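Number of protein chains: 2
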Amino acid sequence: MKQAQPVIEQLTVLGVGLIGGSLARALKQAGAVRRVCGWGRNQATLDQALELEVLDAASIDLAEAVQGAEVVVIATPVGAMGEMFTRLAKVLDATSIITDVGSVKGSVVEAARQSLGPAFARFVPGHPIAGTEKSGVEASFAELFQHRRLILTPVEETDARAVALVQRLWEAAGSEVIRLTPDDHDAILAATSHLPHVLAYALVELLGGTEEKRRMFSFAAGGFHDFTRIASSDPLMWRDICVANQKELALAVRQYRDALNEVLQAIEKSDTAWLMDMFARAKLARDTLLPADARFSSPE
Amino acid sequence: MKQAQPVIEQLTVLGVGLIGGSLARALKQAGAVRRVCGWGRNQATLDQALELEVLDAASIDLAEAVQGAEVVVIATPVGAMGEMFTRLAKVLDATSIITDVGSVKGSVVEAARQSLGPAFARFVPGHPIAGTEKSGVEASFAELFQHRRLILTPVEETDARAVALVQRLWEAAGSEVIRLTPDDHDAILAATSHLPHVLAYALVELLGGTEEKRRMFSFAAGGFHDFTRIASSDPLMWRDICVANQKELALAVRQYRDALNEVLQAIEKSDTAWLMDMFARAKLARDTLLPADARFSSPE
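As they're listed, the protein sequences go chains A and B. So for the first sequence, this note's numbering puts the first residue at 1; every next one is plus one. So for the second sequence, this note's numbering puts the first residue at 301; every next one is plus one.
Below you can see the structure in the form of C-alpha cells.
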C-alpha cells in the first residue's frame, strides 16, 4: 500500500482511542497521510498517543487541532458527537472534509445536519465494522481495518468528491468500502452487532447478579467465554449506542424476545421435532452464511 | 503423566465421537489404559476410529464390546442413555464400573437407577466441561480435557471405590475433578452452558429466518462471530439436553427473558444511568470472575 505521494497532508483525529488511534497508525503505515494531529479532552491521553507515535501533533484546543486539516475524523463516543458538530461548525476550515466512525448513522447524520451548517455537505458519515473488546489508544494497531468492511452512508446533500476522498483513505487503511443508506445501516447493525452486545451484557448481568450466582462463573465453559467476550466492551460506548439507535435496537430486542419465547414453549412442551429443526437450521445458517473474513475479528 | 502400570487393562467406550474419542486418546497417551474397545451403531464410524488408532478393538455387538471391560464409558447423546442403561443391564460383567459424559445429570441418574438394577451402585455419573462446536471422532484429540473441569455427581448408593477409580482416570486425562449433587450440576450448567447455547441458536435463527435477513450475515462483525460459534454445535445433542434438563433450562430461559425485558424498558426510556450501570457491572464481572483456564476452551 506504500504510495509515492500521500493522499492528504494533514488528518486530524478527534478522540484518540482504539478506532481513532488505529486509523492514524494504518494511514501513516500506508503512507496515505503525511501528518496526523490529535484532539482530546485529556492531555495525558494525547501525550500517550504522541509517545506511541500514533500522532505527530496534538492539542486540547479544538480550533488549533483542526487548523489546516484536509480531513477531520470524529472518533469520539457517539453520545459526544452532537456537541462535536456544534463546536466544529465554529472552528472548521472552509474546505475541511469531516467524517466519523460512529456505530449509529441515522441520529448522527441528523445531528450533523442540524449543527454543521454549510459544512454538512462536506460531512461523510462512516462506520468501520471492526473493533475489539479492548479500548484506548494503547490497544490501537494498524491492522485493525485490514479486510474489514467500512460502511459509508452519504445522503443527498453529501459532496461526491468528499465521499471519494474518504473512501480512498479507508481503502488505504485496508478496508473494503461499501455504501448503505443510514436507515439500512442502523437496521442491519442493530441485528448483527447491537443486539448481540445487549444479549451478552444481559447474560453476564444475570449470572453476576448475586454472590451465590457468581460462583457459577467458575464453571463457565468455552462456549460461555466466547459468547460473553463482547460484554467486556466499553460500557459508555454501548450506552450511547442504545440511545442513538433506540428505535431499531428496541425493535430487534422485541423480535428476539418473541423468538426466545417460542423456544421456551418448545422446551416446556418437550417439542423435540421443533427444537431439532430449529437447531439444525441455525447451525446450517451459521456454517454456510458467515463470511470467511470474520476470522480477522478477534485480533487479541 | 506416563505411568509404569496402566490404571486399568480395558476401557470400553459406547459412542465414539468427539468426547468418547478424545477420552480414549487421552488415556492411551497417558498410559492409563492398556486397551480401548469401542461400540457404536455404525460400523463405518468404528472402522474410522480403528484406523485413527483411537480404538484397539470395536464391535457393533454391545455384549461383545463390554466383555472384560473394567470401565464402560457411555458417550452417546443424552437422549440415547436411557436405552443404553436398559441394554447394558443385560450384558454387563458383574464387576464392570459404568460412567457417562452426559451434559445433564439428574435425569440420567434417574434413568440409570430405574434400569441398571444392582449395577446402579457401580454407576458413577460424570460430565467433562469440555468440548468444541465440532463433533465426530475425526474431531477428537487427546488434549481436550487438559486443565478442564470434570464434574462427578455420585449419589448415596454409589460405590466409593468406583468413584475413586473414575476420578483417577479423568485425572490421568488431564482433568480437574470436582463433585456436585446432580441437582446443583443441572442448575449451574443450565445457566452457564445450556442457556447460552439456546440464546445463540435463537439469534442465528432470527437472522437466518428470511432471505432479506440472510444478507445481514455478510455484515456480521467479530462479536457476532464469537457470540454465535456455539450455534454450530450438534443439533441432536442440544435437542436432547433441552429435554433432559427441561426444568432447570426453562427456569433459566424465563429468568433471562425477564432480565432482557428490563433492558428493553431501559432502552425504550433512554435510561442512560441504568444502562451505564448495568453494562459497567457486567463488564467488571466478566473481566474479573471468568477463570483464566477458559482460554483452553476453543482449541480449534
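Note that CB positions come from ideal geometry on N, CA and C, so glycine has one too. As the structure is a computational prediction, the values presented were derived from the model and not from experiment.
Following the DSSP letters along the chain, one finds Gly320 (chain B) inside the alpha helix (DSSP H) bounded by residues 318–329. Under the 10 Å beta carbon count, Thr288 (chain A) is surrounded by fewer than 16 other beta carbons and is classified as exposed.
When DSSP states are grouped into helix, strand and coil, Gln146 (chain A) belongs to the coil group. With a cutoff of 8 Å on beta-carbon distance, Ser175 (chain A) and Arg148 (chain A) are scored as near each other. By the Cβ neighbour-count rule, Gly317 (chain B) is buried, with 16 or more other Cβ atoms within 10 Å of its own. Within chain A, no residue has its beta carbon less than 7 Å from that of Leu323 (chain B); the closest one is some 16 Å off. Per the coordinates, the alpha-carbon of Ala473 (chain B) lies some 9 Å from the alpha-carbon of Ser322 (chain B). Counting the other CB atoms within 10 Å of its CB gives Arg422 (chain B) a total of 16 or more, which places it among the buried residues.
Following the DSSP letters along the chain, one finds Ser115 (chain A) inside the alpha helix (DSSP H) bounded by residues 106–115. Residues of the region 371–402 of chain B with a C-beta less than 7 Å from any C-beta of chain A: none at all.
By the C-beta criterion, the region 492–504 of chain B is judged to be in contact with the region 274–290 of chain A, since at least 3 inter-stretch pairs fall below 8 Å. Using a C-beta cut-off of 8 Å, the region 97–114 of chain A makes contact with the region 236–250 of chain A, since at least three inter-stretch Cβ pairs fall below that distance. Cα atoms of Ala363 (chain B) and Met216 (chain A): separation of roughly 40 Å, rounded to the nearest angstrom. DSSP, reduced to helix, strand and coil, places Gln48 (chain A) within a helical segment of the structure shown.
The region 248–262 of chain A makes contact with the region 183–190 of chain A: 3 or more CB pairs, one atom from each, lie closer than 8 Å.
In chain order, Leu536, Arg539, Asp540, Val543, Ala544 place their CB closer than 8 Å to the CB of Gly379 (chain B), counting only its own chain and leaving out the 5 sequence neighbours on each side.
Under the Cβ distance rule, Asp226 (chain A) counts among the residues neighbouring chain B, one pair being separated by less than 8 Å. Check the Cα spacing between Ala394 (chain B) and each of B:Ala419, B:Met381, B:Asp483, B:Gly331: the tightest is with B:Ala419.
At a cut-off of 8 Å between C-beta atoms, Gln255 (chain A) counts as an interface residue with respect to chain B. Our two residues, Val333 (chain B) and Ala411 (chain B), have alpha carbons roughly 28 Å apart in a direct line.
Around the C-beta of Thr399 (chain B), 16 or more other C-beta atoms lie within 10 Å, and the residue is accordingly described as buried.
Out of B:Thr572, B:Leu311, B:Ala573, the CA that lies nearest to the CA of Asp356 (chain B) is found in B:Leu311.
Looking at the backbone, the Cα of Gly131 (chain A) and that of Leu144 (chain A) are separated by about 7 Å. Within chain B, Leu503, Gly523, Phe524, Phe527 have C-beta atoms less than 7 Å from the C-beta of Pro196 (chain A), given in sequence order. Secondary structure note for Thr386 (chain B): its alpha helix (DSSP H) is the uninterrupted segment 381–391. Non-local beta-carbon contacts of Val137 (chain A) in its own chain, meaning distances under 7 Å to residues more than five positions away in sequence, involve Val16, Gly17, Gly21, Thr45, Gln48, Ala49, Leu52, Val54 in chain order.
Neighbours of Thr153 (chain A) across chain B, judged by C-beta separation under 9 Å, do not exist; the nearest C-beta is about 13 Å away.
The Cβ of Asn342 (chain B) sits no closer than 8 Å to any Cβ of chain A. A Cβ-Cβ distance of about 6 Å is found for the pair Thr228 (chain A) and Arg586 (chain B), placing them in contact under the 8 Å criterion.
Taking a C-beta cut-off of 8 Å against chain B, the contacting residues of the region 179–194 of chain A are Ile188, Leu189, Ala191, Thr192, Ser193, listed in chain order.
At a cut-off of 8 Å, the C-beta of Phe517 (chain B) has a neighbouring C-beta in chain A.
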